[in-house]
Every structure is written in structure tokens, then in C-alpha cells.
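A short write-up of the structure that comes next.
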DNA sequence: GTCTGTGCAAATTGTTTGCAACTTA
DNA sequence: TAAGTTGCAAACAATTTGCACAGAC
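Protein chains in written order, with the numbering used here: chain A, 1 to 142; chain B, 1001 to 1142.
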């Protein structure tokens, strides 16, 4: 998704909440958007630290999460990572234990069964998270 | 599983590694075993703090995890919790967002599809983790 | 000019570690 | 008696917060 759309969503939220615009927030958002990877707060901070303090990075990321722009990702007990989720469908992850790479996957069958499982337990399903851990193609060759 | 079996597994590991037995480790293990819930280190410590320090609780839990006796569980970014996994089949969790209760579930269909997904991506699957978040039967009534 | 956002440093939380005293084998 | 284990307090890492100052509207 283009950055303008993302920015617009943030701006709407900011106005709706009576908050103010700031260049720092925009820079954090753009940096996250530009990155192909899921960044941690620390990593993101390293990209912007000439202009922005770490506390602001955290505050921005929390704000983005709050307004539905981004997702917090937790793999095991590793540091929280962030991804822009706005406009993206839910996906699961294949995570390589050797190189740390992750692959996004979608599978409708699994989602169907998940709904079934929830129904069988009289559970009202809201969301889910599935991670598959293993060794990726490249790392298997080594 | 009876405690003796669990204890035996620990003792074997301890001997194999040239470590020594200790009453503290046994008490931590028994406390975890007795509990129906997945305890955090802090909660476990509260049950044994008359005899045992928090550092020993952490050291014990790490040891148990290392030797395959227990599992670390991470829900979102909450504190790590522990469950005895020895002798138990892998299971997934339904987690109630309201009361925090979790239900263990097993579903072979999902495991099959997970293997398929991994194969499609030339991924060598080692383990997985699936959490379903929602509202449990009781909490829906409120 | 008022009120929000930022940066810094200090506080907090969960967990690990160094070290002297204690236990086990 | 030699080596591993414990408890305490200090160290750590990730994140949040208090406060004075800067910036938005």
C-alpha cells in the first residue's frame, strides 16, 4: 500500500482523538513502512536516532498499534517486532530457526478448521496466531 | 503422570550431566506438577518462597526446560509460563481474552495441513505453536 | 498562549549472574 | 574435600514514565 494511504489513516486517528501532528511520528511511520522486515523498536530507533529519541519511537509504535495501523509480533520470547498491518490480510508465519528468516503464509483450510475447533469448544473466536518453526530451504543445504 | 516418573526423568538427566540432587529443585518440580494451571516463575516462587529464592526458581525452570520436562509458554508478551510437558502430546491453546482461561486442544487435521504448508514452502518443519484467542462459553453469558 | 509531543534520565518489570556460604557425593 | 547449588543483591534488557522544554494550532 502507498504511504499516503497509511499516513491518511494515522492523520484521521490523530484528528479524531484531538492529538497533534508531528514530524517524528511521520518519520517513524515511514521508516517502518519502507522496511521489508519486521523491525524491533531498537532497530527502528537505529534508523532514525539522529532525529528521534527511543521513547518517541516506542510511543509512536504504541500509537500505530492502537489505531490499527500496525501489529506487534512475538516469536517466542524475542523482542517485540512490528509490521504494518493496515490493508493486509491475516497471515501466519514460517520461521527459520537457523537464519531467523520468516515467510508469510495464508491457508484458508486452516482457518476453517480453527473455526470448527472454536465452535466445538463453544468458544467465540476473535483472532489467532500460528507459527511454524523449522529450517528453510537455503539453510537445509548447509 | 505420576510424580515419580517425572522425578526419575529429572534424576536421570542430573546424573547424566554430572550434576547434583537438591531438595529445592525437587520442591519446585513438585509444585509445578501439582498445579493445574500454567504457572509463571513469580507465581511458583510465591508458593515456595519460605524455602527457596527466586533465582533458584528460575534456574530450576530453565533446567527442566532444557531436559525436556517442561515447556515455556508465551501468550502475547505476557510473562513466560511453564507447564510440564513430559509424557504429554503436543497441543494448542484456546485462550479467553476476558478471564484469561486457556483450554488445551488437539486437532490432527490442522497438524496435517501444517505439514503440507511447510512442504509447499520447502520448509523442514520442527515445531509449531497455535493460539486461538476469543471468549469462552462462561464469559459469553455475561 | 495553551496544550500536546519530545528527549532525557530515572523507574519498572522480568530474568540472569557474580560471589560467598552451604550441600552433596 | 572438591565440585555443584543456593540466596542475595547487583546487573541486565526491554519498555514506560516524569518532567522541563520545544513545537503545533
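By construction, the Cβ of each residue, glycine as well, lies at the ideal position given by its N, Cα and C atoms.
Within chain B, the residues that residue i reaches when beta carbons sit closer than 7 Å
i	result
residue 136/A	1123
residue 74/A	1074, 1076, 1077
Closer than 7 Å at the beta carbon, the chain A residues around residue i
i	result
residue 1065/B	Chain A residues near residue 1065/B: none, gap ~11 Å exceeds 7 Å.
residue 1107/B	113, 117
Nearest-angstrom Cα separation, counted from residue j out to residue i
i	j	result
residue 1061/B	residue 140/A	32 Å
residue 6/A	residue 112/A	30 Å
residue 142/A	residue 1118/B	19 Å
residue 1114/B	residue 24/A	41 Å
residue 1033/B	residue 1075/B	20 Å
residue 116/A	residue 1100/B	21 Å
residue 1068/B	residue 1138/B	34 Å
residue 1030/B	residue 1040/B	15 Å
residue 47/A	residue 81/A	15 Å
residue 1073/B	residue 1102/B	12 Å
residue 105/A	residue 1021/B	46 Å
residue 2/A	residue 37/A	17 Å
Under 8 Å by beta carbon: chain B residues contacting residue i
i	result
residue 118/A	1094, 1132, 1134
residue 128/A	1130, 1131, 1132, 1133
Beta-carbon neighbours of residue i, restricted to chain B and to distances below 9 Å
i	result
residue 34/A	By Cβ distance, chain B contributes nothing, its closest Cβ being about 25 Å from residue 34/A, past 9 Å.
**Request:** Identify every run of the alpha helix (DSSP H) within the region 17 to 93 of chain A, keeping only runs that are complete inside it and at least 4 residues long; order them along the chain.
**Result:** Those alpha helix (DSSP H) runs which fall completely within the region 17 to 93 of chain A and span 4+ residues are 23 to 34, 41 to 48, 54 to 66.
**At least 3 beta-carbon pairs within less than 8 Å: the region 89 to 96 of chain A vs the region 1078 to 1085 of chain B** = Contact between the region 89 to 96 of chain A and the region 1078 to 1085 of chain B is absent, because fewer than three Cβ pairs lie under 8 Å.
**Request:** Output, in sequence order along the chain, the residues in the region 1077 to 1103 of chain B whose CB is closer than 7 Å to any CB in chain A.
**Result:** Residues 1077, 1080, 1094, 1097, 1103.
**Message:** Under 8 Å: do the region 121 to 136 of chain A and the region 1126 to 1142 of chain B share three or more Cβ pairs, one atom per stretch?
**Reply:** As far as the Cβ criterion goes, the region 121 to 136 of chain A touches the region 1126 to 1142 of chain B, which means the pair count is three or higher.
**Message:** Closer than 8 Å between beta carbons: that is the criterion. Which residues of the region 1038 to 1066 of chain B meet it against chain A?
**Reply:** Result list empty, no residue passes.
**Message:** Within 8 Å, do at least three Cβ pairs link the region 1051 to 1059 of chain B to the region 52 to 68 of chain A?
**Reply:** By the Cβ test, the region 52 to 68 of chain A is not in contact with the region 1051 to 1059 of chain B, since fewer than three Cβ pairs between them sit closer than 8 Å.
**Request:** Kindly confirm or deny that the region 1009 to 1019 of chain B and the region 1062 to 1074 of chain B touch, where touching means at least three C-beta pairs closer than 8 Å.
**Result:** By the C-beta criterion, the region 1009 to 1019 of chain B is judged to be in contact with the region 1062 to 1074 of chain B, since at least 3 inter-stretch pairs fall below 8 Å.
**Request:** May I ask you to list, following chain order, the residues of the region 1002 to 1030 of chain B that have a beta carbon less than 7 Å from some beta carbon of chain A?
**Result:** Considering only beta carbons, no part of the region 1002 to 1030 of chain B lies closer than 7 Å to chain A.
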